[in-house]
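Residue numbers (the working numbering), protein chains in the order written: chain A, 2 to 203; chain B, 1040 to 1315. Below: the structure, in structure tokens.
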């Protein structure tokens, strides 16, 4: 496997270690940064995240990297947001107040309604909606590990994968060079690792 | 469809698994990391480590275990035992654990639940409850409770089947009503409840379905059933009758009574969604 350079944004989110070792497992040469110029020079960018949307955006703002993330997303180079990192790609979130996101993908982040247990926690299936470079050599309907209380509402044309939890919500989104996955690939065994490997090949 | 989870639990003392996996050819059956890898291969949906180390000196040993586990498995895992502060939580989570489980410390300092949830998100915070059936309509013991949870005391007279929260590894009764405590914990930011029946634990006679039903009916967060697994039917009962979202077991897996894959096959045939 050839080594592929990937830059992971370290804005103080607690699952960084797991993401990094998962990327390394599939052959990535990982660089961690919270520096705008490193982000600007990256070949491929991973935006991880757990915790709350507002706190994450505050960290991103306090490190002065919001604009560099937006610029990177518009540069055409591959960007993937994972879990909260995916939600940050959207316009706005209604988690604990109203917070603006990066606005790279149209849509908003909303709460599950009270007919289901929240958080949505555990293994659930991802149903492919269209062909995607992330799905190379992967069968449809595989289980992935989810932990989240909010989900994204977006245009169907941006949705590559859906998952059923009271409603069928977008679990994988894609818009040109920008990808987002709601589940945790670093905790989803071979399925998750393969998605990351496919991202390295984009 | 969201799958019901099967979770093996490993007790760790000073960095070594106790009562560990003793039926396979692991190079070192006492090594928690190797045991975790074994269960990952076996199809576990998550792993729980319970650190039963008495000495505070050995905390760094557990952090080392957490880090090595995170580097070795691509599966979520939870760490419980001896977590008393937000800093303790941060140490465990930043070393790669996905969730921390609070038990005694949450009762003695209920604010820990909300401060942990605010800092790390509710998805990281499991509140573990050790529950024991009480039939004497007790007045809630004599333990002094933090003022904010005084109202969660079992209020006599209660009907026969009330459950009391125990702390300190199941040794100390608190007088707290389990259902009220579970609701309070969830409202404060527990993203999951790990519910152990002290009466059933170690008996292999089945989970306490009545206890499970009471708690799963009262909270809107996932509940993990623990204590009493002895047959595959027991897992089914906990899920189907008790409403559990996940089932935890130790000895039946460690001693190889059956494999996780066998339990999943069994549940799947009974129309329970599992990750095969």
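All C-beta atoms, glycine included, are put in the ideal place defined by N, C-alpha and C.
Sheet register partners of residue 1119 of chain B (DSSP bridge): Residue 1119 of chain B is bridged to B:1089, B:1140.
Reduced DSSP secondary structure (H/G/I, E/B, other) of residue 2 of chain A: Bear in mind that a pLDDT of 49 at residue 2 of chain A, under 50, signals an unreliable position, so the model cannot answer this.
Contacts that residue 1134 of chain B makes with chain A (C-beta to C-beta distance below 9 Å): 18
For residue 1081 of chain B and residue 1263 of chain B, believed in contact at Cβ under 8 Å, the rounded distance: About 18 Å separates the two Cβ atoms, so there is no contact after all.
Under 7 Å from the C-beta of residue 187 of chain A: neighbouring residues of chain B: The contacting residues are 1113.
contact_flag[the stretch 79 to 98 of chain A, the stretch 113 to 121 of chain A] where n(CB pairs < 8 Å) is 3 or more: No, because fewer than three Cβ pairs between the stretch 79 to 98 of chain A and the stretch 113 to 121 of chain A fall closer than 8 Å, the two stretches do not touch.
Residues from the stretch 29 to 43 of chain A in contact with chain B, defined by Cβ distance under 8 Å: The stretch 29 to 43 of chain A vs chain B, Cβ under 8 Å: nothing.
Neighbouring residues, chain A, relative to residue 1230 of chain B (Cβ below 9 Å): Near residue 1230 of chain B (Cβ distances below 9 Å), the residues of chain A are 119, 120, 122, 148, 150.
Residues that residue 115 of chain A contacts on chain B, provided the C-beta gap is smaller than 7 Å: 1259
C-beta contact flag for residue 1281 of chain B and residue 1314 of chain B at 7 Å: no
Ranges of the alpha helix (DSSP H) found wholly within the stretch 18 to 75 of chain A, counting only runs of at least 4: 37 to 42, 54 to 63, 67 to 75
Three-state secondary structure assigned by DSSP to residue 1203 of chain B: strand
Backbone CA spacing between residue 2 of chain A and residue 1152 of chain B [nearest angstrom]: With a pLDDT of only 49 at residue 2 of chain A, under 50, the local geometry of the prediction cannot be trusted, and the value read off the model is given with reservation. The straight-line gap from Cα to Cα measures roughly 44 Å.
Contact set between the stretch 174 to 198 of chain A and chain B, restricted to residues whose Cβ is under 9 Å from the partner: 185, 186, 187, 188, 189, 190, 191, 193, 194
Cutoff 8 Å; reference residue 1311 of chain B; Cβ partners in own chain excluding five residues on either side: 1043, 1275, 1278, 1279
Opening and closing residue of the beta strand (DSSP E) in which residue 1172 of chain B lies: 1164 to 1173
Contact set between residue 166 of chain A and chain B, taken where Cβ atoms lie within less than 8 Å: 1041
Residue 1184 of chain B versus B:1170, B:1220, B:1078, B:1115, residue with shortest Cα-Cα distance: B:1220
7 Å CB neighbourhood of residue 42 of chain A in its chain, flanking five on each side removed: none
Where the alpha helix (DSSP H) containing residue 1222 of chain B begins and where it ends: 1217 to 1227
Three-state secondary structure (DSSP) of residue 143 of chain A: strand
Buried or exposed (CB count within 10 angstroms, at least 16 for buried), residue 110 of chain A: buried
Residues within the stretch 40 to 68 of chain A neighbouring chain B, beta-carbon criterion of under 9 Å: Listed by position along the chain: 51, 52, 53, 56.
Inter-residue Cα distance where the pair is residue 113 of chain A and residue 150 of chain A: 6 Å
Backbone secondary structure at residue 192 of chain A - three-state DSSP: helix
Interface flag, residue 1155 of chain B vs chain A, CB-CB below 7 Å: no
N- and C-terminal bounds of the beta strand (DSSP E) containing residue 172 of chain A: 168 to 176
Residues that DSSP places opposite residue 94 of chain A in a beta bridge: A:100, A:110
Alpha-carbon to alpha-carbon, residue 63 of chain A and residue 171 of chain A: Pairing residue 171 of chain A with residue 63 of chain A, the inter-Cα distance amounts to about 29 Å.
Closer than 7 Å to chain A by CB, residue 1303 of chain B: no
Cα-Cα separation, residue 9 of chain A to residue 134 of chain A: 20 Å
Cβ of residue 163 of chain A within 7 Å of any chain B Cβ: no
Host alpha helix (DSSP H) of residue 1154 of chain B (start-end): 1150 to 1159
Closest Cα partner of residue 165 of chain A within the set A:183, A:96, A:16: A:183
Any chain C beta carbon closer than 7 Å to residue 1189 of chain B: No chain C appears in the structure shown, which is made up of the protein chains A and B.
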